[in-house]
Amino acid sequence: MTSGYESFDNTELNFRRDALIQERVGLVSTHMYKQFLDYQNATINTAEVFGEIIQDLKSIVDSLKKSFSSRGITTQNIYVDYDPQKTIVTINILWHTISLTTRCNFEPQALYREQQPPLFCGRIMAIKGNYNDIMKGTDDKSECMKRLLDNEIASLYIPADKMQNSIFKIKHLSNREFFLNSQDSAKEFVLKVIEIVCGGGVYHEEGSRKSFNI
């Protein structure tokens, strides 16, 4: 009789344990599913914006070629190039090279929001130099991200919700945030990045002096 009660108690204990596990796992899976949906939608939106960036860069290159040609300057070092997957695009403007990439979205990632939930979004990074040269010799995710951050000019963050503004952060302005509507974000991002890079210059090396902006 005693063993029967013990068996009943064990069954009830196991039932409660299983119910608790299912409840806790359910909460975790619901949370992760929401993150996955945001990541999926942000990835789609980011790819669309990146496609617009490629088209805008083609127009920018055409305009630059016309402008420099009218001044008698050769335009053979003004061009835009991108990979077949459309995850990297590089623009060369005379002695300046700028790359933009979506190859920094390894997993669902969010921006910190003060007094608000974190904002899950995709990211487009603008870096100074040729992406392939910068990444040469490594396929480690942590090292890739370090190299991207070391050469970052600015980043554009694309939310999962198309109705929300994109967020533009410029590295040398202490990552201050600027908000761009979805219709203008691609064009405004690439134009500002080009202005940042080409609107400055490089000093002759003398100790800590390396570059300047005008």
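Just so you know, we're using this note's numbering here: the sequence shown kicks off at 24 and counts up by one. We treat Cβ as the ideally placed atom computed from N, Cα and C, and that holds for glycine.
Hey, how far is the Cα of residue i from the Cα of residue j?
i	j	result
G152	R136	31 angstroms
Q206	P131	24 angstroms
T124	I101	19 angstroms
D162	I190	28 angstroms
Q58	T98	46 angstroms
M24	F38	Because the pLDDT at M24 is just 49, under 50, the model does not fix this residue reliably, and the value given afterwards should be weighed accordingly. Looking at the two C-alpha atoms, the distance is approximately 21 angstroms.
Q108	E211	23 angstroms
E94	S86	According to the sequence provided, residue 94 is Arg. The question's Glu does not apply to it. The alpha-carbon atoms of R94 and S86 are separated by roughly 13 angstroms.
G160	P141	34 angstroms
V48	T120	48 angstroms
D41	Q63	32 angstroms
I217	E228	23 angstroms
The alpha helix (DSSP H) that contains residue i, what's its start and end?
i	result
E166	K164 to D173
In the DSSP assignment, find the unbroken beta strand (DSSP E) run with residue i in it and report its ends.
i	result
E229	G223 to E229
I193	S189 to I193
L203	R199 to L203
Give the single residue among the options whose Cα lies nearest to the Cα of residue i.
i	options	result
A177	D104, M55 and F201	F201
G224	W118, S82 and K192	W118
M168	P107, Q45, M148 and P182	M148
Y180	C144, F212 and D156	C144
Y105	I96, K89, S122 and S92	S122
N128	S92, L171 and I116	L171
Q78	Q187, I219, K194 and V112	V112
What distance in whole Å lies between the Cβ atoms of residue j and residue i, which are believed to be in contact at a cut-off of 8 angstroms?
i	j	result
I96	V103	In fact, because the Cβ distance is near 18 angstroms, the residues do not count as touching under 8 angstroms.
Secondary structure, alpha helix (DSSP H): runs of 4+ residues fully inside the region 102-164: You should have 154-158.
4 or more residues per run - each alpha helix (DSSP H) lying fully within the region 51-89: The region 51-89 contains no whole alpha helix (DSSP H) run of 4 or more residues.
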